[in-house]
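Residues 154 to 242, numbered by this note's numbering, are exactly what the sequence shown covers, in order.
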Amino acid sequence: MRSQISKRRDILDLNDPFDAFAYLFSGIFCENCGSMVQLDEGFDGADDASCCNLADKAKAHGWYVNKDAFCPKCAKEKGLKSNPSHLAT
């Protein structure tokens, strides 16, 4: 499933747990099942724009990211919800 991110960002906000997680771990991986957010075409993973792309996709698809990251399925099983203040892109 391809993400429909409305605009491309290239400035990280390290106060946002999604951006920080993507930057610190070079990706967003589910702590429970190991699934991961995939980069869109045109991103190589080695720059701020790629981290922003990962963070925006994780938000759009309902991932839970704080100190840990969980895909939507695992987050639901654990009773976790994304913080609504982090859902706006």
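For every residue, glycine included, the Cβ atom is placed at its ideal position computed from N, Cα and C. As the structure is a prediction and not an experimental result, all values here were calculated from the model.
If we count the other Cβ atoms within 10 Å of its Cβ and call it buried at 16 or more, is residue i buried or exposed?
i	result
residue 240	For residue 240, the predicted model reports a pLDDT of 49, less than 50, meaning its position is unreliable; a value from the coordinates is still stated below. Counting Cβ neighbours within 10 Å, residue 240 comes out exposed, since fewer than 16 surround it.
residue 172	buried
residue 212	buried
residue 179	exposed
residue 206	buried
residue 210	buried
Roughly how many angstroms separate the alpha carbons of residue i and residue j, rounded to a whole number?
i	j	result
residue 122	residue 222	Residue 122 is absent from the model: the chain starts at 154 and stops at 242.
residue 186	residue 196	24 Å
residue 161	residue 190	16 Å
Tell whether a beta-carbon distance below 8 Å holds between residue i and residue j.
i	j	result
residue 164	residue 216	no
Can you tell me which residues form a DSSP beta bridge with residue i?
i	result
residue 217	223
So, do the region 197 to 210 and the region 220 to 228 have three or more beta carbon pairs nearer to each other than 8 Å? no
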